[in-house]
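A.B. asks:
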Amino acid sequence: MEKNPIPLILDTDPGVDDFFCLAVVCAHPDVFSLCAVTSVGGNNSTDVTTKNAMDILALFHHDAPVFRGSDRYLTEEFGEPVVTAHGANGLAEQILPDSKRVPGKEKAWDAIYRIALEEQGNLELLTVGPLTNIAIAFLKYPSLSKMIRRITMMGGTNFIGNIGPYAEANIGHDAMAARIVFESGVPVHMVGLDSTIQCPVPLEEFEKMSGHTDPFIRNTMRELIRFRKGEAMHDAVAAACMIDPDIVSWKTADVTVEVNEGLTKGMTVIFPDENGNDRVAHNPVRERYLAVFEKTVQYYREGFYESK
Ligand code: RIB
Ligand code: CA
C-alpha cells in the first residue's frame with residue numbers, strides 16, 4: 000500500500016528543468032512529503048547545483064534539507080558545465096534570492112540510507128539527474144535496495160538520445176551508476192526522453208495559466224521557458240507522473256543499461272516482460288500533464304509568501 004503523502008527524496012542537478020520539477024513537488028504537499036533533496040553535479044559543479052537546490056527550495060518556501068552528493072561520476076570526472084541547456088549558473092542566468100541555507104552535514108548517500116531506515120520501507124526516490132548518488136548508496140549499503148519502495152526516474156529513452164544516438168543525459172553521463180540502479184531490484188518507473196519531449200509548455204500557454212502567480216516566480220519561470228525556447232521541462236514531467244500516473248501509458252519490462260564503450264554506450268535496453276520489475280512510460284497525454292503544471296503554477300499565487 001502506497002503511503003499518503005509519499006515520503007520522498009528528490010535527487011537532482013538543478014538545472015533549468017530541475018527547477019520546474021522542484022516547483023511541481025513543492026506545490027503538491029498532499030501527494031509528497033519531501034524528506035530531503037540530494038544534489039548531484041554534471042550539468043554544473045556539485046557546489047553550484049547544491050546552492051541552486053537550496054535557493055529554489057527557499058523560493059518555494061519548502062524547508063526540506065539538502066544533502067550534497069558526488070563531485071564526479073562513478074567512472075570518470077564531470078565534463079564542463081552544460082551552458083547551452085542550463086546557462087553558466089545552471090539557471091539560465093536567472094538570479095534567485097540568496098537563501099543563506101547550508102547543506103546538511105551527511106553526504107547524500109548516507110542521508111538516503113538513514114531516511115530509508117526511518118521510513119520503514121515506504122521511502123520513494125524521484126531521480127532527475129545522473130544516478131551517481133543512488134548507485135553509491137546501493138554500493139555502500141547493500142540492504143538499502145530492500146528498503147526503497149520505488150524509484151521514479153527522468154532518464155533513458157525508448158529510441159533517440161540527446162547526448163548520443165541512443166543515450167539520454169541522465170543515463171549516459173554515468174552509465175555504470177544507471178546500470179547499478181536498474182539492477183538493484185528496486186522497481187524503476189522510467190519516464191524517458193521520448194515521453195518528456197512530447198510535453199512542452201510553450202510561453203503563450205504559460206502566460207495564460209499564470210496570471211495570478213507570484214510575480215517573481217512567474218518572471219523566473221517565464222525566463223526559463225524562454226531560455227529553453229518553449230521546449231519540454233523533462234524533469235517536471237517525471238514528477239507529474241507520480242501525481243497522475245495516467246499522464247503516460249506504462250509497459251512492464253526489465254531494463255538495463257549498456258556500459259561498454261561504443262555507439263550504444265548509455266542506451267537503456269528494455270526487455271518487455273509482463274512479470275518484469277520496471278515500468279517504462281510511453282504515449283504521454285500532454286493535456287493531463289498541463290493540468291498538473293497549471294495547478295503547480297497556480298499554487299504559487301500572489302500573496303503566497305504572506306500566507307506562509
Ligand atoms: O535529458 C534530460 C535531463 O538532462 C534532465 O534531467 C535535464 O536536467 C538534463 O540535464
Ligand atoms: Ca536534471
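So for the sequence shown, numbering that gives the first Met the number 0 puts the first residue at 0; every next one is plus one.
Beta carbons: idealized from backbone N, C-alpha and C, even for Gly.
Along the chain, where does the beta strand (DSSP E) that runs through Pro-271 open and close?
C.D. replies: First-last of the beta strand (DSSP E) with Pro-271: 267-271.
A.B. asks: With a floor of 3 residues, list each beta strand (DSSP E) that falls wholly inside the segment 92-177, ordered by position along the chain.
C.D. replies: DSSP runs (the beta strand (DSSP E)) wholly in the segment 92-177: 122-126 and 147-153.
A.B. asks: Among Ile-8, Ser-32, Val-30 and Ala-52, which one has its Cα closest to the Cα of Asp-16?
C.D. replies: When only C-alpha atoms are compared, the closest one is Ala-52.
A.B. asks: Skipping 5 residues on each side, what residues in its chain have a beta carbon closer than 6 Å to that of Glu-234?
C.D. replies: The question names Glu, but residue 234 in the sequence shown is Asp. Answer for Asp-234: Asp-16, Asp-17, Cys-20, Val-127 and Met-153, listed in chain order.
A.B. asks: Could you check the C-alpha separation between Asp-46 and Val-36 for me, to the nearest Å?
C.D. replies: Cα to Cα, the separation comes out at about 14 Å.
A.B. asks: Helix, strand or coil for Asn-82, going by three-state DSSP, please let me know.
C.D. replies: According to the sequence as given, residue 82 is Val; it is not Asn. Val-82: helix per DSSP, three-state reduction.
A.B. asks: Going by beta-carbon coordinates alone, are Thr-83 and Val-65 separated by less than 8 Å?
C.D. replies: No.
A.B. asks: If the criterion is Cβ atoms closer than 8 Å, does the pair Gly-229 and Leu-202 meet it?
C.D. replies: Closer than 8 Å, so yes.
A.B. asks: So, helix, strand or coil for His-233, using DSSP?
C.D. replies: His-233: helix per DSSP, three-state reduction.
A.B. asks: Less than 8 Å between the CB atoms is what I'm expecting for Glu-301 and His-211, so what's the real figure, rounded?
C.D. replies: The pair is a contact, with the Cβ atoms about 6 Å apart (cut-off 8 Å).
A.B. asks: Spatial neighbours of Ser-32 within its chain, please: CB distance less than 6 Å, with the 5 preceding and 5 following residues excluded, ordered by chain position.
C.D. replies: Pro-4 and Pro-6, listed in sequence order.
A.B. asks: Going by beta carbon distance, what residues of the same chain come within less than 8 Å of Arg-149, once the five residues before and after it are set aside?
C.D. replies: Contacts found: Glu-123, Leu-124, Val-185, Pro-186, Val-187 and His-188.
A.B. asks: Sorry if obvious, but does the Cβ on Gln-279 come closer than 7 Å to a heavy atom of ligand 2?
C.D. replies: The identity of residue 279 in the sequence shown is Val, whereas the question assumes Gln. It does not: the Cβ of Val-279 is nowhere closer than 7 Å to a heavy atom of ligand 2.
A.B. asks: Taking Phe-137 as the reference, give the member of Asp-97, Ser-183 and Arg-100 with the closest Cα.
C.D. replies: The shortest C-alpha separation from Phe-137 is found at Ser-183.
A.B. asks: Give a yes or no on contact between the segment 254-263 and the segment 167-181, applying the rule of three or more CB pairs nearer than 8 Å.
C.D. replies: With the cut-off at 8 Å, the segment 254-263 and the segment 167-181 touch.
A.B. asks: Buried or exposed for His-172, going by 16 or more other Cβ atoms inside 10 Å?
C.D. replies: Buried is the call here.
A.B. asks: So is Tyr-112 buried or exposed if we call it buried at 16+ other beta carbons inside 10 Å?
C.D. replies: Flag for Tyr-112 reads buried.
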